[in-house]
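Structure record follows, encoded as structure tokens.
Number of protein chains: 2
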Amino acid sequence: MTAHASIATPGGISLATGRDVRLASRSGALTGSTAGFAPGFVQANLAILPAKLAFDFLRFCQRNPKPCPVIGVSEPGDPTLSSIGLDLDIRTDVPGYCVYKDGVLVDEPADLKAYWREDLVTFAIGCSLSFEEALMAADIPLRHVEKGVKVPMFRTNIACVPAGPFAGPMVVSMRPMTPANAIRAVQITSRFPSVHGAPIHIGLPEAIGIKDLSKPDYGDAVEILEGEIPVFWACGVTPQSVISAAKIEYALAHGPGMMLCTDLKNSALATG
Amino acid sequence: MTAHASIATPGGISLATGRDVRLASRSGALTGSTAGFAPGFVQANLAILPAKLAFDFLRFCQRNPKPCPVIGVSEPGDPTLSSIGLDLDIRTDVPGYCVYKDGVLVDEPADLKAYWREDLVTFAIGCSLSFEEALMAADIPLRHVEKGVKVPMFRTNIACVPAGPFAGPMVVSMRPMTPANAIRAVQITSRFPSVHGAPIHIGLPEAIGIKDLSKPDYGDAVEILEGEIPVFWACGVTPQSVISAAKIEYALAHGPGMMLCTDLKNSALATG
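As they're listed, the protein sequences go chains A and B. Per this note's numbering, the first sequence starts with residue 1233, numbered consecutively. Per this note's numbering, the second sequence starts with residue 1233, numbered consecutively.
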């Protein structure tokens, strides 16, 4: 992933580890996407919600583990999350954030200092960057990475199992592959249930309500070549989509592509 | 597992499926252990807690997935759990229950009709019977099954990651195996992260605070033969032990060995 070689960072700053990226985000040195940085370290989606909704949301995640694989949950009001990052401060350690009120995006601040509340709970949710690293290590090409664009994502007709106010369709990401690579990708990603796990669908987009693969709902379209089939994974955009649809009075999230870089290693997530 | 062939059930009653066992429990026809019944179906540990503690407990489980693999969570006050069992009624569908007040066992009723409250949340937690079935299918002998006794369980010096009032040591189960079978057992149980997953320790009991394998804290001792090593899995007794230690004002659970039999198939839990 070389798409972000152009991101301006002060000369000599290291972005080799999750903590490096967090500190660079905290200092303001890193303001864009985290893709390609902290190789080997788990990057996570963020959902930050009032404590009164925390059990509903965690129950939603338990019921929908493929789109919503939880890798860390904070204590209510506590901006640290030491189980996944040394001296992590969730208010500053991501390059940028989104602030939602009643489901509407109202601000995209560089930090959450003005938006933090004593009743907030942070959920860190696994992200496909972890399994993409394992796929690339197995020499499975990923077209969106090769082209330097965002992975194409689609809303499906697969309903998530609801919990409290949280409900809605599963969002999936799509990667075109040769059949042989698709089979190998099933094997590899099955070892990573805490970062979306095995594909949820393969080969027949219309069967999950996707009419046109050239028109993704999020991200960028990629070409499907002769002899390739589309492979679909549950996507971490699902919880964001569900939180927005629920018109939660107050919710915070990471900015697009600006993930929380943790101290966990992708390799440590493999179950077998 | 033939240990329960002697359990008295009315002539002709089938205990072949999870629902069969639930209905037999509901009617009072089945009053003992569920081991050996509903082969192929997931059996679960139960923890039933007041809603005000539900987020703390679910967060505890998220932080300790090996001893506390959650397979279902109810809506507050709702005695059904349709995601894991058709027309399941948690108040009646287990052969027997335990009632704890302030951490003390105060009753062992046959049903929860007199103990149900509108603020209770049910947690169904995976159980080693699921992975034991996979081990036996691979011709790996399990001594406690051969001997018709309970698996030996030990408190360790491994601290669970706390959440709210829930804290305490991990409890493990032990199965002696030849080294070749131990390796195969790691492979097989790694595929089942939602029912405790891979072993948490192998070979050196003193390293996890176990002084004497002949004196389990729960269950029955089993012999370790020449050429065998002890293999340890995180155990679903851990959440019970933690709930009891937290002296929760009101908590319900299944009776020993009397599990909630679900409609889920063990084979469906495999991640790869």
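Even for Gly, the Cβ is constructed at its ideal location relative to N, Cα and C.
- Membership of PHE1273/B in the beta strand (DSSP E) is indicated by the continuous run 1273 to 1282.
- In the three-state DSSP reduction, MET1368/B falls in the helix class (H, G or I).
- DSSP places GLY1304/A inside the beta strand (DSSP E), whose first and last residues are 1302 to 1305.
- Rounded to whole angstroms, MET1402/B and PRO1373/A show a C-alpha spacing of 42 Å.
- Assignment of beta-bridge partners to LYS1497/A by DSSP yields PHE1273/A.
- When LEU1255/A, GLY1317/A, ILE1322/A, PRO1282/A are compared, the shortest CA-CA separation from LYS1333/A is found for PRO1282/A.
- The beta carbons of VAL1454/B and PRO1411/B sit no closer together than 7 Å.
- Taken through DSSP and simplified to helix, strand or coil, ASP1252/A comes out as helix.
- SER1246/A counts as exposed, since fewer than 16 other beta carbons sit within 10 angstroms of its beta carbon.
- Put simply, the backbone Cα of ARG1416/B is about 15 Å away from that of ALA1502/B.
- The beta-carbon of ARG1291/B is placed less than 7 Å from the nearest beta-carbon of chain A.
- Contact between the region 1376 to 1396 of chain B and the region 1473 to 1483 of chain A is absent: fewer than 3 CB-CB pairs across the two stretches fall below 8 Å.
- Per DSSP, reduced to three states, the secondary structure at THR1421/A is helical.
- Excluding its 5 nearest sequence neighbours in each direction, ILE1420/A has C-beta neighbours in its own chain below 8 Å: PHE1363, ALA1366, LEU1367, ALA1370, ILE1372, listed in chain order.
- The criterion of a C-beta distance shorter than 7 Å is satisfied by MET1491/B and CYS1359/B.
- Look at the region 1410 to 1482 of chain B and you find these whole runs of alpha helix (DSSP H), each 4 residues long or longer: 1411 to 1422, 1469 to 1477.
- Between ARG1387/A and ASP1449/A, the C-beta gap is smaller than 7 Å, which places the two residues in contact.
- Between PRO1327/B and THR1470/B the beta-carbon gap is near 22 Å, outside 8 Å, which marks them as no contact.
- Between the region 1290 to 1309 of chain A and the region 1263 to 1271 of chain A there are fewer than three inter-stretch CB-CB distances shorter than 8 Å, so the stretches are not counted as touching.
- Nearest CB-CB separation between PHE1273/A and chain B: not below the 7 Å threshold.
- In this structure, LEU1344/A lies away from ASP1495/A, with their beta-carbon atoms at least 7 Å apart.
- Note that the region 1273 to 1291 of chain A touches the region 1344 to 1356 of chain A; at least 3 beta-carbon pairs, one per stretch, sit closer than 8 Å.
- According to DSSP, MET1406/B shares a beta bridge with PHE1464/B.
- Any Cβ of chain A closer than 7 Å to the Cβ of GLY1335/B would place that residue at the interface, and such an atom is absent.
- Non-local C-beta neighbours of LYS1379/A in its own chain, meaning closer than 7 Å and more than five positions away in sequence, comprise VAL1454, ordered along the chain.
- Around the beta carbon of ASP1351/A, fewer than 16 other beta carbons lie within 10 angstroms, which makes this residue exposed.
- If you draw a straight line from the Cα of THR1249/B to the Cα of SER1265/B, it is about 15 Å long.
- One Cα belongs to TYR1482/B, the other to THR1312/A, and the distance between them is close to 31 Å.
- If you draw a 10 Å sphere on the C-beta of SER1473/B, you find 16 or more other C-beta atoms in it, and that means buried.
- With at least 16 other beta carbons inside 10 angstroms of its own, VAL1404/A counts as buried.
- Just measuring C-alpha positions, the residue of SER1314/B, ILE1322/B, ALA1500/B sitting nearest ARG1349/B is ILE1322/B.
- Using a Cβ-Cβ cut-off of 7 Å, THR1470/A does not count as an interface residue toward chain B, since no Cβ of chain B sits closer than that to its own.
- Using beta-carbon distances, PRO1425/A counts as an interface residue toward chain B, with a partner under 7 Å.
- Rounded to whole angstroms, the separation of the alpha carbons of ILE1456/B and ASP1310/A is 47 Å.
- Residue pairing by DSSP puts PHE1398/A in a beta bridge opposite ALA1395/A.
- Interface residue (Cβ-Cβ distance to chain A less than 7 Å): ALA1286/B is classified as such.
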